[in-house]
Structures are given as C-alpha cells and as structure tokens.
Amino acid sequence: MSLNESTNSLPNPDPRDPLAPYNLPRPKPLWLNDMYAKHIVKGNFMTLSARPKTVEQGEWIAHQVVEHYRNLWNFVRVIHEKDEDGSSICNPQTCPRMSAGVNHSFTWLNSRREPVEVPAQEYISLMQRWISGKIDNTALFPTDPAGVSFENNPGNPGIAGATYASGGLDTPHSSAPIPAGPTTLNTSLSQLAGPGDWVGKSSGFPVEFVEVCQTIFRQMFRVYSHLYWAHFIDPFYHLSLEKPMNSCFSHFILTATEIEMLKPQELEPMQPLIDLWAANGTFPKESKAYACANVKAGERLLAISGTQ
Numbered sequence: 000m001s002l003n004e005s006t007n008s009l010p011n012p013d014p015r016d017p018l019a020p021y022n023l024p025r026p027k028p029l030w031l032n033d034m035y036a037k038h039i040v041k042g043n044f045m046t047l048s049a050r051p052k053t054v055e056q057g058e059w060i061a062h063q064v065v066e067h068y069r070n071l072w073n074f075v076r077v078i079h080e081k082d083e084d085g086s087s088i089c090n091p092q093t094c095p096r097m098s099a100g101v102n103h104s105f106t107w108l109n110s111r112r113e114p115v116e117v118p119a120q121e122y123i124s125l126m127q128r129w130i131s132g133k134i135d136n137t138a139l140f141p142t143d144p145a146g147v148s149f150e151n152n153p154g155n156p157g158i159a160g161a162t163y164a165s166g167g168l169d170t171p172h173s174s175a176p177i178p179a180g181p182t183t184l185n186t187s188l189s190q191l192a193g194p195g196d197w198v199g200k201s202s203g204f205p206v207e208f209v210e211v212c213q214t215i216f217r218q219m220f221r222v223y224s225h226l227y228w229a230h231f232i233d234p235f236y237h238l239s240l241e242k243p244m245n246s247c248f249s250h251f252i253l254t255a256t257e258i259e260m261l262k263p264q265e266l267e268p269m270q271p272l273i274d275l276w277a278a279n280g281t282f283p284k285e286s287k288a289y290a291c292a293n294v295k296a297g298e299r300l301l302a303i304s305g306t307q
C-alpha cells in the first residue's frame, strides 16, 4: 500500500496548525515532502506560462489545451499500460472510484445527465475520448492558418500562432515543459472580451470556446489529482518519473491560473502541494498560482520535510 492510501488522519490536530484544515492522512503523501516535490526544469516558471506578444489570446489558450493534454497522457499511459497478465496499475480493483484521496471523489454524467460513480480507469478513458473529440472538432478548434489573428505584428501568416508559441511542433515526444520565447503577462479574460466580443473571436473560435477549455482544464486537473493521490509511489516514483510529473503539473497549475482556466476553489484536492511549491519558490510571488496558495501551510510542510 502506498503512503497516500492511508485513511488515518492526524489525531486531534492542533487548530493553530495551518495544515489542520486539510485533514491530511497519516503518514502524509510522499509528494508533500519537499525532497520528492522537485523538478527537472529550473528557472522562472512564469516564462512557460506567459503569452508571447505576437500570439492572440484564443490561439494561446488553444495551444495550452493541446500541449497540456499531450503532457498529461504521457503519464496516463503508464498507469493504463497492460502487464503480461492483461491487468493495469489503475484498474477497477485498485481504484474503484475516481478519487483524489479520501476527501475528494468525482462522478461522471451518464446519458441521462445523472452523476454516477465509475472506476478511475473508466472515468479517465471516458474523459480522454471526450477531450479528444473536442480538440478534433474543427468548429471548436479551427485548424486553418488563414484564420489566425496575431497581436501587435502579423509575423508569418503561414504559421499558426500557437505553433511556435512555446517550442513549436518539433518536440512531439517531450513530456517536459518547453520555455517560450519573449513573453508578456496575460491580460484577464474579462478585460479581453467586451460586449458582443469573446476571446478567440478574431481567430475563428466560437463563443463557447473558453467555457469548453475551462472544462477541459478542470478534467485534466482531476486526472493529475488522481495520479498524485493514488499512483505517485507506484508507478511514478518507482520509475523515477516523479520529477517529470512534478514539472508538468506545476507548469499546468501556473498556466491554468494565469489564463483563468481554473478557479481557486477548484484547486482544493491538490492545495497542499500548491502551498508547498509557493513556499519553496517554485511559483514566483507575482504569479496567480502563488496568490492561490496558503504560504504558511507550505512553510509548515517545508519544516516537516526538514528543509527549513
């Protein structure tokens, strides 16, 4: 049994302890130890999430959806890969619910729009098909370069803005974030879209585009949450994949908060890790991810880790 599968929470926690509201299991998940929350990417993570000046906001959001979906499913394949006996690490016996620890579980809507509990493996497979269907829908994600809108200067009209925005298309097998070129901090979506306008309109994205992307990010966050709570030790730590996953997830959180794809309250299943990354400097103080963190809780985790 992995450390994060314990259902025993801390006995009579001190109400003054900033970690007390989280009702964390004991022992705490390994990924809440700073020694195991490290990354393969160094430097200012904001440069991975800030929109380049020449890329229209809708194009940037579309690129981020595709990029983070690609990163995430590199890890999903690991838990769904079949062993010689035909079983996978994440299966209906090991993960009968789509959960993130004992305090959070997620349901799927059936054909009658009713919430139903399904095994994590089935939930993730259903979601994968749903997200792929959205990305492949050219009415939602236009692929014609002629429709691309550029900000400030047109650049090369034969190349979609999202193509070169953060590393280009020549890294199809990379699972780590790729630093972008010269960037500017993102403007809030509410400021970008006025009456009769919407984010992505100038590039051909439909009015519901942002709402769909927010749902995609929310679903991807749920998968990451399950990977951490149920599978961090086996298989990711055992395969030395914890640093790549930490790098991709911290990039995901920075991006999702900067471009307003996730609300602060939606981060709750992974809030302690967000706190830890804010306290140890992974999230810059000027980032929205840092603003979502309880830094005192993160500092407490650092102290427990023996690094402070």
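With numbering that gives the first Met the number 0, the residue at position 47 of the sequence shown is 46, and numbering never jumps. Just so it is clear, CB atoms sit at the ideal spot from N, CA and C, and this is done for glycine as well. Being a predicted model, the structure only gives us computed values, none of them experimental.
- Counting the other Cβ atoms within 10 Å of the Cβ of PRO51 gives 16 or more, which makes it buried.
- Assigned with DSSP and collapsed to three states, LEU266 falls in helix.
- About 18 Å separates the CB atoms of LEU240 and ASP33; that is not less than 8 Å, and the two are not in contact.
- Under the three-state reduction of DSSP, ARG50 is assigned to strand.
- Judged by their CB atoms, ASN245 and HIS38 are nearer to each other than the 8 Å cut-off.
- Non-local C-beta neighbours of PRO95 in its own chain, meaning closer than 6 Å and more than five positions away in sequence, comprise PRO118, ordered along the chain.
- It is roughly 26 Å from the alpha-carbon of THR106 to the alpha-carbon of GLY85.
- Residue pairing for VAL115: DSSP places it in a beta bridge opposite TRP107.
- Distance between GLU113 and LEU47, taken at the CA atoms: about 38 Å.
- Excluding residues up to 5 positions away in sequence, MET97, SER98, ALA99, ALA119 lie with their Cβ nearer than 7 Å to the Cβ of HIS225 in the same chain.
- Excluding its 5 nearest sequence neighbours in each direction, PHE216 has C-beta neighbours in its own chain below 7 Å: ALA255, MET260, LEU261, listed in chain order.
- Judged by their CB atoms, ASN43 and PRO268 are not nearer to each other than the 8 Å cut-off.
- The C-alpha of TRP59 lies about 22 Å from the C-alpha of TYR289.
- It is roughly 31 Å from the alpha-carbon of LYS287 to the alpha-carbon of LEU108.
- Here DSSP, grouped into helix, strand and coil, assigns MET97 to strand.
- The distance from the Cβ of HIS237 to that of ILE88 is about 10 Å, inconsistent with a contact at the 8 Å cut-off.
- Residue state for PRO271 is assigned as helix, using DSSP reduced to three classes.
- VAL54 counts as buried, since at least 16 other C-beta atoms from the protein chains shown sit within 10 angstroms of its C-beta.
- In chain order, ILE273, CYS291 place their CB closer than 7 Å to the CB of LEU266, counting only its own chain and leaving out the 5 sequence neighbours on each side.
- Residue burial annotation: ARG15 is exposed, with fewer than 16 other C-beta atoms found within 10 angstroms of its C-beta.
- In this structure, the straight-line span from the alpha carbon of HIS79 to that of PRO205 is close to 34 Å.
- A distance below 6 Å between beta-carbons, with the five flanking residues on each side excluded, links VAL294 to the following residues of its chain, in chain order: ALA277, ALA278.
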